[in-house]
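Protein chains in written order, with my numbering: chain A, 1 to 117; chain B, 118 to 231.
Encoded structure:
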């Protein structure tokens with residue numbers, strides 16, 4: 001149980017275009033979703049935290065106008081990379097806070113490899 | 118600044134040996150600690166979590182927590198080549214109200230040599 005399905009698993013896009021990444025919680029309600037970015041040989045860096053029905057909270061240095069996060073339902077959160085550039089190429093991972101764990105349990109999506117050419 | 122630090126690695130151990138991975142954290146208010154394993158190009162997968170001081174064992178894995186020293190470690194006994202991966206230490210840090218978030222260390226790359 002407690003699966004988060006993330007799509008697409010990989011995407012290649014042209015510079016200047018936008019890309020949307022979806023994360024769906026399949027068998028639970030994800031009130032809080034976290035979005036991470038991971039560059040090669042580096043750790044996961046939290047980009048933003050989204051709560052269902054409210055605006056996302058972005059970490060310092062993350063451009064909220066560039067990385068649009070929507071968490072309109074308890075089972076779906078999306079990250080849209082707008083006007084993507086090659087430096088946005090990275091591994092993007094979503095994570096949901098698990099219910100009934102007091103905020104201590106998390107499950108991760110399978111990740112999306114974004115390559116901007 | 119709230120940080121999680123790990124051995125820079127890489128760490129190589131022979132098959133069958135014990136691999137020891139270490140992590141320190143700066144936020145004394147942290148209450149839960151996680152070890153994740155990440156294979157190249159894949160998402161992290163949870164190995165263990167620990168809340169209380171002392172040792173917690175699960176199969177070949179033992180997590181050790183010392184809150185006074187702000188130190189958490191992971192021991193892997195009888196290491197296997199399939200254990201070769203990057204191991205991420207993560208700390209659940211309180212943000213505000215009831216909100217918490219995971220903060221990850223930089224990871225230690227482990228190679229188990231056949």
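Glycine included, every Cβ here is placed at the ideal spot set by N, Cα and C. The structure presented is a predicted model; accordingly, all values stated were derived computationally and were not measured.
message: Tell me which residue opens and which closes the beta strand (DSSP E) that residue 48(A) is part of.
response: 45-51
field: Euclidean distance between Cα positions of residue 73(A) and residue 24(A)
entry: 10 Å
message: Considering only their Cβ atoms, is the gap separating residue 45(A) from residue 71(A) smaller than 8 Å?
response: no
- request: Report yes or no: do three or more beta-carbon pairs, one from the segment 77-87 of chain A and one from the segment 159-169 of chain B, lie closer than 8 Å?
  value: no
- request: Tell me whether the beta-carbon of residue 115(A) lies closer than 8 Å to the beta-carbon of residue 12(A).
  value: yes
- request: Identify, in the order they occur along the chain, each residue of the same chain with its Cβ nearer than 6 Å to the Cβ of residue 184(B), setting aside the five sequence neighbours on each side.
  value: 170
For residue 27(A), the three-state DSSP class (helix, strand or coil): coil
- request: Tell me, please, whether the segment 133-149 of chain B touches the segment 189-196 of chain B by the rule of three or more beta-carbon pairs shorter than 8 Å.
  value: yes
query: Anyone know if the C-beta pair for residue 225(B) and residue 204(B) falls short of 8 Å?
result: yes
message: I want to see whether chain B comes within less than 8 Å of residue 76(A), judged by CB atoms only; does it?
response: no
message: My assumption, with CB atoms under 8 Å, is that residue 160(B) sits in contact with residue 208(B). Please give the rounded CB distance.
response: In fact, because the Cβ distance is near 19 Å, the residues do not count as touching under 8 Å.
- prompt: Considering only the beta carbon of each residue, do residue 210(B) and residue 144(B) sit closer than 8 Å?
  reply: yes
- request: Alpha carbon to alpha carbon, how far is residue 110(A) from residue 94(A)? Give it in angstroms, no decimals.
  value: 8 Å
query: Along the chain, where does the beta strand (DSSP E) that runs through residue 85(A) open and close?
result: It is not in any beta strand (DSSP E) - residue 85(A) carries neither H nor E in the DSSP assignment.
query: Got a sec: which bits of the segment 140-171 of chain B sit with their beta carbon under 9 Å from any beta carbon on chain A, in order along the chain?
result: 148, 149, 151, 153, 155, 158, 159, 160, 161, 162, 163, 166 and 168
query: In chain B, what lies closer than 7 Å to residue 79(A) by C-beta?
result: Under the 7 Å cutoff, chain B gives no residues; its nearest Cβ is about 15 Å from residue 79(A).
Given residue 153(B) as reference, the closest of 179(B), 134(B) and 135(B) once Cα atoms are compared: 179(B)
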